[in-house]
Amino acid sequence: MIYLRVEDKIDYTKMKFNFFRKQICNIKNKFLKLKEEKFENIVLLTIPNLNNITLNKLSKYIKINCINRICLSDTLLKNDVFMEFIKNEQVKILDGKWLFKHLTECCAEYICTSKKEDLGYQEISFLSKDINDIVVNAIKDLAPKIKILNVITFDENKFRKVERDLYEQKGIILNMNNNYKKSLIKSDIIFNFDFLDEEINKYILPKKTCIVNFNNDIKINSKSFEGINANFYDIQMPRKYLKNSIYLKDFNSSILYESYIYKKTSPQNIVKEIKEDGVDIVFLNGRNGRIRKNEYLNLSKKIVN
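Numbering-wise, the numbering used here comes out as the position in the sequence shown, counting from 1, plus 19.
Quick look at the structure:
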């Protein structure tokens with residue numbers, strides 16, 4: 020596991036160098052080495068630029084050191100050319116989405132608090148084509164705490180076991196259907212685990228609901244939709260990890276926290292660690308950036324005094 024950033028680019032045009040010194044600096048820049056720094060459990064690798072020579076060096080570094088996970092600075096995450104390169108290196112790129120799914124209950128609580136509504140009155144729908152431990156754990160965690168939980172899927176048989184377990188263990192009925200006109204129409208919150216644009220836009224959506232997309236940025240085509248469409252999130256970094264921020268200033272805090280707790284274990288263990296760290300959602304983000312708190316009030320139905 021490494022943390023990767025690119026050196027701030029030097030603008031030689033603003034420096035009082037003569038032409039020949041500028042040329043020498045440019046030549047030297049082509050042969051700069053990768054800079055590796057170690058801070059406790061953190062390995063920070065700084066690359067001087069994004070030219071082909073540097074990327075080839077980075078590729079060799081990844082292979083020689085058997086790197087299988089990588090955390091990127093914001094600058095690199097926004098660079099399409101670099102992202103195309105790194106995706107071909109067969110490494111796991113941490114992007115905050117894994118953590119996002121484990122924060123399902125936190126998201127529900129944040130949305131309800133922002134709407135000034137009680138979580139217990141909510142009808143929540145899960146959009147999920149496939150089933151995995153994270154989805155199952157989120158269903159079992161939320162179902163006892165809310166009014167209604169719907170699962171919209173293309174293959175209901177995948178969810179029969181969790182449906183049976185919920186009813187036998189807690190007497191809770193899990194609603195499962197795939198009716199394009201009726202499935203989502205009463206949903207206060209929609210958690211989209213893996214539906215794509217064309218799939219979610221086939222459904223009639225409530226005029227005022229909050230959609231949270233865990234995997235992909237989704238564009239809602241409905242002209243009557245006046246709700247919230249969130250694609251990412253911000254958290255407040257737990258105190259015990261704040262010292263790392265000194266070395267990793269240009270990294271996203273949500274992705275950084277994911278890198279600290281990412282491991283192969285049960286979702287129950289991850290959620291427990293998140294709660295022990297006191298992690299909360301600070302903001303949800305839409306296509307145009309942070310979603311303002313007062314926007315949630317427009318969705319409110321049952322005001323809590």
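No residue lacks a Cβ here, since even glycine has one placed at the ideal position from N, Cα and C. Because the structure is a prediction, the values reported are computed rather than measured.
Look at LEU63 here: in three-state DSSP terms it is strand. Take the alpha-carbon of ASN98 and the one of ARG309: they are about 21 Å apart. Taking the CA atoms as reference points, ASP299 sits about 6 Å from ILE254. With a cutoff of 9 Å on beta-carbon distance, TYR80 and LEU53 are scored as near each other. Taking the Cβ atoms as the reference, ASN248 lies roughly 34 Å from GLY190, outside the contact range of under 8 Å.
Annotated three-state conformation of ASN197 is coil, per DSSP. Setting aside the 5 residues that flank it on each side, GLU175 is surrounded in the same chain by MET195, each with a C-beta closer than 7 Å to its C-beta; the list follows chain order.
The three-state reading of DSSP puts TYR281 in coil, since its state is none of H, G, I, E or B.
Annotation: GLU245 is outside any beta strand (DSSP E) and is labelled neither H nor E by DSSP. Contact check between the segment 59-70 and the segment 227-243: fewer than three CB pairs, one atom from each, fall below 8 Å, which does not count as touching. Contact check for ILE158 and LEU168: beta-carbon distance about 7 Å, within the 8 Å limit, so the pair qualifies. Within a 10 Å sphere around the beta-carbon of CYS85 sit fewer than 16 other beta-carbons, which makes this residue exposed. In this structure, GLU277 places its C-beta atom within 9 Å of the C-beta atom of LEU113. Within the same chain, ALA127, GLU128, CYS131, LYS164, ILE165 come within 7 Å of LEU138 by CB-CB distance, once the 5 residues on both sides are set aside.
The segment 223-232 and the segment 205-215 touch, with no fewer than 3 CB-CB distances between them shorter than 8 Å. As the crow flies, the alpha-carbon of SER241 is around 15 Å from that of LEU215. Listed in chain order, the beta strand (DSSP E) elements of length 3 or more contained wholly in the segment 209-270 are 229-232, 247-249, 251-254.
PHE119 is not a Cβ neighbour of TYR260, given a cutoff of 9 Å. With a beta-carbon spacing of about 29 Å, TYR186 and LYS221 fall beyond the 8 Å limit used to define contacts. Between the alpha carbons of TYR281 and GLU142 lies a gap of roughly 30 Å.
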